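The structure appears right after this line, and notes come after that.
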Amino acid sequence: MQTFQQDCVELALRRFRRGEVGRRELLAGLVALGAVAPGGAAMAQAERQIVMVNWGGLANQGFGDFYGKPFMAENPGVRVVQDSTGPATGRIRSMVESGRVTWDVCDSSATGANLLGKLDLATRMDYSIINRNDVIGPGFALEYGVAPYSFSSVLVYDSAKFPNGGPTNWTDFWDLRKFPGTRLLRRDATCVLEAALMSMGKPPYPVDIRTGIRRVMELRRNLVFWTNGSESEQLMRTGEAVMGQIWHTRASVLHKESNGRFKFIWNQGVLQPGIQVVPKGNPAGEIVQKFLASMLAKPEPQVGLLGLLGNGPTNPKAAAMVPAELRQYNPTDPENEKQQIVLDGAFWGENYQQANQDFLDAVTG
Amino acid sequence: MSMSGSAAAPALSAATPAPSLPRFRNAGWWGLILPAFLLMTVFYLAPILQVLLISFTEPRPGLDNYERLFTSMGVQNVIETTLRICIITTAVSLALGYALSYVVALASPRAQRWWLLAVLVPLWISVLVRSFAWVTLLRRQGLVNEGLMGLGVIDEPLRLVWNEFGIVVGMVHYMVPYAVLPILASMREIDPRLLAAARGLGASRFTAFRRVFLPLSAPGLVAAGVLVFIFSLGFYITPAILGGGKTLMAAEWIKLQILDLIRWGLGTMLATVLVVAILVTLAIFSRVVNLKRLFGGGA
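These protein sequence lines map, in sequence, to chains A and B.
Using the working numbering, the letters of the first sequence correspond one by one to residues 439 to 803.
Using the working numbering, the letters of the second sequence correspond one by one to residues 94 to 392.
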């Protein structure tokens, strides 16, 4: 299953290739995303190498020359190198358990961080070094990971199919009589079950798994699933589905390229942190904490990332720095943020394995 | 050959010691494949066994994971879905492959070369590209639906993809060449004079086919069936792309367990079941059909 970060890098590179953004912006964006390491004095002391693991193989091209070398020149003794293996939770586990850890900072998720923490496979965040006040909410600075950016799972729809007004919440999404047509959901229990429960007017947390799955099954005959971001965009664009729950970055792309034909709403969106985790026994050791702290503390590159891809900043100072035309696409803009719910990473860390298995069994049965 | 050969032969037999020779010579041959054998064992079989053994040790030692085969609806569903799709794919591929082979076998040698090229070319195209091509053809606004709607045959787009139909189409497309090759090999061995003889003895065209051609080509049919079925069991990309997320086959299920759900015990359990199923299938059919034919060992 493709993760959000993987999809972001893909989006950034596509825009770069089309000439919509310059190399400088691309690199700034990849820095904020954690795909490229920012240059800073924070870790100049130790004689260490920091290995960052991201999801975008192509992202590694070029930054060795354009970014890695200048950084190494500024910080003698420290090297930040990139690995694009894709740090799936299962891969992190096999690395930690084999006792030969080569990764320092991995793009994961709130669920992944809690799951890895529970299994004793991740390093605890050191909040004497990382500042909790550098993020907008507690969900962005977890026990086993921190989020330098955010994203959201929102309701997108094809307004051409609904001339009398589109859906305004998940209740409408489940109303096949009022809004006929195929629905598009991610084949994953997280966010989907929250939407299902909200559609019934129930509180999303703690997730009532059984009720949520039953609610999803009501749509089964009118349902298609996506597993990676480009697929979700393509299924909407080609009319396979009339509405869906997709990442807001993809929804923003659809909105812009269709001149507003594809609309998305922040209402009842599920806001999620882009969590970075540190595998237990990481080779660089303590220094990664400073590295993570610097990623959270700098609002400018976070805003740069928003301009590039639409990822939300997580630094509280960032929202005010966002240009006016971008605010409608910023999930952590105060106006948008208050309409959404924040993903409960603790719940999913505890229940993901069983809940997602039940979800998969139901929708693929 | 005759003159020089007979002159050399006595010298050769005199130079080599006669008794216990065959056994000794065989041991030498076995010694030659020993490095390859060790390489396979150390770098291939041992790690695989190590991984498969996880199914007996996680989350706790025992047969808990295998118990799920009988108690978990989810696991049973995956196996049932996989078997159903594989059986349908095999049946359709064999039918198409047999018809195609029949045409090829009876064509002129020159035409045969072109036919074979046409059969083999799809094999060189990436399975990913082929799956996406099928999506383009079969989706709601795809070529097939738009074409049929343009002709006025249908009013609503047909549901040709994002379901098991789409998966079977993609898999059959991949498998037909694998069905053709063994079937064609066995058809080519059939002496065409046998058919002529059958006709001469008064059999109708159909009877000659049914009583002579079909039985003689049956070994190729069985070999193709085994090959296609075993290949189908491990399909991953095609169902993932064409299934619309609603169909989980064994390979994708294993991947989900290992990478996303990190329940390695369950994932390796199904992997073990898959390996055992393949070995058992091979063991059964090795009694019926010459397996050398399957793996290109010649007729």
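Each residue gets a CB set at the ideal place from its N, CA and C atoms; glycine is no exception.
The structure presented is a predicted model; accordingly, all values stated were derived computationally and were not measured.
If the criterion is Cβ atoms closer than 8 Å, does the pair residue i and residue j meet it?
| i | j | result |
| --- | --- | --- |
| residue 144 (chain B) | residue 343 (chain B) | no |
| residue 378 (chain B) | residue 315 (chain B) | yes |
| residue 687 (chain A) | residue 604 (chain A) | no |
| residue 754 (chain A) | residue 744 (chain A) | no |
| residue 584 (chain A) | residue 541 (chain A) | no |
| residue 148 (chain B) | residue 280 (chain B) | no |
| residue 487 (chain A) | residue 722 (chain A) | yes |
| residue 543 (chain A) | residue 714 (chain A) | yes |
| residue 762 (chain A) | residue 740 (chain A) | no |
| residue 421 (chain A) | residue 621 (chain A) | Residue coverage of chain A in this structure runs from 439 to 803, which leaves residue 421 (chain A) outside it and unanswerable. |
| residue 653 (chain A) | residue 634 (chain A) | yes |
Going by beta carbon distance, what residues of the same chain come within less than 6 Å of residue i, once the five residues before and after it are set aside?
| i | result |
| --- | --- |
| residue 269 (chain B) | 186, 189, 190 |
| residue 263 (chain B) | 224, 227, 331, 335 |
| residue 309 (chain B) | 283 |
| residue 579 (chain A) | 570, 573 |
On the DSSP bridge assignment, give the partners of residue i in chain order.
| i | result |
| --- | --- |
| residue 623 (chain A) | A:663 |
| residue 488 (chain A) | A:518 |
| residue 685 (chain A) | A:591 |
| residue 596 (chain A) | A:700 |
| residue 779 (chain A) | A:708 |
| residue 278 (chain B) | Residue 278 (chain B) pairs with nothing; no bridge assigned. |
| residue 305 (chain B) | Per DSSP, none; premise fails for residue 305 (chain B). |
| residue 190 (chain B) | Bridge partners of residue 190 (chain B): none, in fact. |
| residue 525 (chain A) | Bridge partners of residue 525 (chain A): none, in fact. |
| residue 714 (chain A) | A:545, A:584 |
| residue 750 (chain A) | A:588 |
| residue 579 (chain A) | A:584 |
| residue 560 (chain A) | A:717 |
Measure the C-alpha to C-alpha separation of residue i and residue j and round it to an integer number of angstroms.
| i | j | result |
| --- | --- | --- |
| residue 266 (chain B) | residue 324 (chain B) | 13 Å |
| residue 660 (chain A) | residue 626 (chain A) | 17 Å |
| residue 642 (chain A) | residue 794 (chain A) | 16 Å |
| residue 564 (chain A) | residue 716 (chain A) | 11 Å |
| residue 797 (chain A) | residue 608 (chain A) | 18 Å |
| residue 572 (chain A) | residue 142 (chain B) | 48 Å |
| residue 628 (chain A) | residue 446 (chain A) | 19 Å |
| residue 123 (chain B) | residue 369 (chain B) | 27 Å |
| residue 733 (chain A) | residue 351 (chain B) | 31 Å |
| residue 766 (chain A) | residue 135 (chain B) | 58 Å |
| residue 690 (chain A) | residue 735 (chain A) | 26 Å |
| residue 718 (chain A) | residue 726 (chain A) | 12 Å |
| residue 317 (chain B) | residue 273 (chain B) | 7 Å |
| residue 131 (chain B) | residue 139 (chain B) | 10 Å |
| residue 357 (chain B) | residue 291 (chain B) | 59 Å |
| residue 503 (chain A) | residue 221 (chain B) | Residue placement at residue 503 (chain A) cannot be trusted, given a pLDDT of 38 that sits under 50; what the coordinates show is reported in the next sentence. Their Cα atoms are separated by approximately 32 Å. |
| residue 707 (chain A) | residue 778 (chain A) | 5 Å |
| residue 60 (chain B) | residue 167 (chain B) | Nothing about residue 60 (chain B) can be read from this structure; chain B reaches only from 94 to 392. |
| residue 481 (chain A) | residue 581 (chain A) | In this prediction, residue 481 (chain A) scores a pLDDT of 40, lower than 50, which makes its location untrustworthy; no coordinate-derived value is stated. |
Count the other CB atoms within 10 Å of the CB of residue i; is the residue buried (16 or more) or exposed (fewer)?
| i | result |
| --- | --- |
| residue 219 (chain B) | exposed |
| residue 569 (chain A) | exposed |
| residue 551 (chain A) | buried |
| residue 201 (chain B) | exposed |
| residue 217 (chain B) | exposed |
| residue 199 (chain B) | exposed |
| residue 454 (chain A) | buried |
| residue 694 (chain A) | exposed |
| residue 776 (chain A) | exposed |
| residue 298 (chain B) | exposed |
| residue 616 (chain A) | exposed |
| residue 211 (chain B) | exposed |
| residue 637 (chain A) | buried |
| residue 127 (chain B) | exposed |
| residue 737 (chain A) | buried |
| residue 758 (chain A) | exposed |
| residue 589 (chain A) | buried |
To which residues of the same chain is residue i closer than 8 Å at the C-beta, ignoring the five residues directly before and after it?
| i | result |
| --- | --- |
| residue 234 (chain B) | 250 |
| residue 529 (chain A) | 523 |
| residue 658 (chain A) | 801 |
| residue 788 (chain A) | 552, 556 |
| residue 304 (chain B) | 291, 296 |
Tell me which same chain residues have a C-beta within less than 7 Å of the C-beta of residue i, skipping the five on either side of it?
| i | result |
| --- | --- |
| residue 703 (chain A) | 592, 593, 606 |
| residue 782 (chain A) | 643 |
| residue 574 (chain A) | 752, 754, 770 |
| residue 380 (chain B) | none |
| residue 496 (chain A) | Summary for residue 496 (chain A): the model assigns pLDDT 37, below 50, so the residue's position carries little reliability; its value from the coordinates is reported in the next sentence. Within the same chain, residue 496 (chain A) has close Cβ partners 451. |
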